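Letter by letter, the sequence shown follows residues 8 to 500 in my numbering.
Note that CB positions come from ideal geometry on N, CA and C, so glycine has one too.
The model shown is predicted, which means the values in this text are computed figures rather than measured ones.
Okay, structure first, notes after.
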Amino acid sequence: MPLRIILLLLLIWLAAMPGQVRAQAPLAGPAPTADSVGRVFGLSDLLSYVALRHPVARQAGLLPERARQEVRYARGLFDPSATSKYSGKTLKGQEYFHDWDTQLRVPVWYGFEVKAGYERGTGQYVNPENYTAPAGLSYVGLSVPLAQGLLIDERRAAVRQAQALQGLAEAERRGALNKLLLQAAKDYWDWTLTYRQLELNRQNLRLGDVRFRAVRQRVRLGDLAAIDSVEALGELQKRQAELSQAQLEFQNATLLLSNYLWNAQQQPLNLPATARPQPLPGPADWRTLPPDSLAALTALAQQIHPELQKSRAKLLQLSVENRLLRNKLLPKLNLDYNLLQAGQPFGPETPASLRGSYLTNNYKLGVSFAYPLLLRQERAKLQLNRLKQQDAELGLQQAAREIETGVLTVANSRAALREQLALQQQVVANAERLLGGEQTRFENGESSVFLLNAREAKLLEARQKLAALQTKYAQTQATLRWAAGGIVEQQQP
C-alpha cells in the first residue's frame, strides 16, 4: 500500500479516536477549544442574581412590608386621641355663655377606654347641663362595654386580621419567588443543553472536515471513486448547516437567560459571550431518592408550601371575623363612669376626706343599652362567614392532596429519568463501538463513506438525546424542590 494512503488512513483513524476513548469511560463534556474557553456561569450564580436583583423578586419582597404597614394601620385604631371644643356667644356687649371641653381618650386592648378631661361652662345663658363653677371641672373615667365588645371588637379584630395578613403576604412572597427561581433554573438548563449541542456539532463538523479532506485526497490518488468525495462533501455541508442552527439556538438561549440578570442599579445586564454553563449532571449525580427523603419532602410540603400557608392565613382571618360576628349577637351594654374634681385635676394633694367621697358624691354615670329584636343581619353575616370557612377548609384539603400528589408525580418522573439516563448512556457506548467497528471496516476497504457517516449521525443523535435527558433530569430536580414548597436550589433535594 502506498505510504501516502497509509498516512491518510492513519489521519482518519486519529480523528475517530475520541469516540473510541469515550466508549471506555462515562460521557464527559468536550475538551475545551479556542472558541469555547470562558468563565463558568453556574446555576448558583444565576439564582443569586435572580433572588437579589430581579424586578419580580423585588416586587415579591414588597409584600411583607405592605403587610407590616397594614398591621401598623390597624394598631393605629388604639392611638390616644385629644380633642378640644370651645363655643361662646356675646351679643351687644352681653356675654351669653362660654363653653369649653377638652378631653384625652386612651383606648385599651381589653375593650375599654380611659379618659380624662377638663370642662368649663359659664355665662348667664349656658346650658344648665354644661354649667360649672368659674374654676371649671376636671374628670377622669372609664368607658366599658359590658356585653358586645367586651371580649372582641372591631379594633382588636382588625389587628388580628392584619397579623394574619402578614403570614399571607410571606406565603405570597415565597410563592412568587419560588416560581421565578424555578423558571430561571429551567431556562438555565435549556441554555446548558444548547451549549452542549453546539459543542457536539462543532466536534462533528471537525470530524467531517477531516474526512472530506482525506477522502478527496484518496480520490485524487485513485484509491476511491469520485462519488465518495461528493458524499463526504454533502455530509460536511449538512454538518455546517446543523452547526449554524446550533449556534443560533445557543445565542437565543443566552439572550433568554440574560432576561434574569440585573445590576444593583436595576439596569439590565447581558450575559458575556465568553460565559459558559456548568456541566450537565453526570452519572455521579443520578442518585436514588431514599424513601425516607421522599416522605420528608411530602411532610415538608404540608408545612411550608406557600399555597397551603395562604389558605391557612385566610382561615385565620375568617376565624377572627367569626369571633367578631358571634360577639355581635350580644346586646350593646355600655357603662361610662367619671370621677369629678372641681378646679384643679386630681392629685396627691386632694384631701383624703374628699377622695373617699368621690364614689358617692363626685361622679358622673351613664349607661346605654341597645339590642335588635330579630338579629337577622347579624345571624346572616355569621352564617355567611361559616360558609366561607367551610369553603376555605375544603379548598385547603384539596390543595394539600394535590400538592402531595404533585411531589410524588415529580419523584416518579425523576426515578424514570434515572433509568432512561442509564439506558441512554449504554446506547451512546454502543454507538461509539459501532462507529469504531465501522471505521475499522472502512480502513480495510469493507465499508463506505455513506455507512461511516450514518454511524456518526447515529452517535451524534444518541449523545444529543443523552444531553436532553440530562437537562430534563436537572430540571426535574429543581421542580421536585419547588413542588415541596422549598426554595429552588442547585443541590440534590
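Query, Result
"Reference Gln405, options His105, Arg319 and Leu424, closest by Cα", "Arg319"
"Simplified DSSP state of Ala485, which is helix, strand or coil", "helix"
"Chain B contact for Ala164 (CB, 9 angstroms cutoff)", "Judged by its chain identifiers, the structure shown contains no chain B, having just a single protein chain."
"Boundaries (first-last residue) of the beta strand (DSSP E) holding Phe85", "That residue, Phe85, is in no beta strand (DSSP E); it is neither H nor E in DSSP."
"Reference Gln224; option with closest CA among Ser236, Arg213 and Gly215", "Ser236"
"With 16 other Cβ atoms within 10 Å as the buried cut-off, status of Leu214", "buried"
"Whole-Å CB distance - Leu255 paired with Arg203, under 8 angstroms assumed", "In fact, because the Cβ distance is near 15 angstroms, the residues do not count as touching under 8 angstroms."
"Where Asn277 falls, given that 16 or more other Cβ within 10 Å makes a residue buried", "exposed"
"Cβ-based burial, Asp299 [other Cβ within 10 Å; buried from 16]", "exposed"
"Beta-carbon spacing of Arg330, Leu157 below 9 angstroms", "no"
"Coarse secondary structure for Gly443, derived from DSSP in three states", "helix"
"Contact belief for Asp106 with Val133 at Cβ below 8 angstroms, rounded distance in angstroms", "6 angstroms"
"3-residue-minimum beta strand (DSSP E) runs that sit fully inside the segment 179 to 264, ordered along the chain", "none"
"Candidates Gly373, Tyr125, Lys99 and Thr97: closest to Thr109 by CA position", "Tyr125"
"Those residues which DSSP pairs with Val174 across a bridge", "Checking the sequence shown, residue 174 turns out to be Gly, not Val. Answer by DSSP bridge pairing: none, since Gly174 is not bridged."
"Helix, strand or coil at Lys465 [DSSP, three-state]", "helix"
"Same chain, Cβ closer than 7 angstroms to Val222, five either side skipped, listed in chain order", "Leu231, Asp235, Ser236, Ala239 and Val456"
"Nearest-angstrom beta carbon gap, Glu177 and Pro275 [assumed within contact, 8 angstroms]", "Not confirmed; about 28 angstroms, so no contact."
"For Gly174 and Gln427, the rounded distance between their alpha carbons", "42 angstroms"
"Simplified DSSP state of Gln131, which is helix, strand or coil", "coil"
"Straight-line Cα distance separating Gly402 from Tyr80", "30 angstroms"
"DSSP bridge partner residues for Ala123 (one or two, in chain order)", "Leu111 and Val147"
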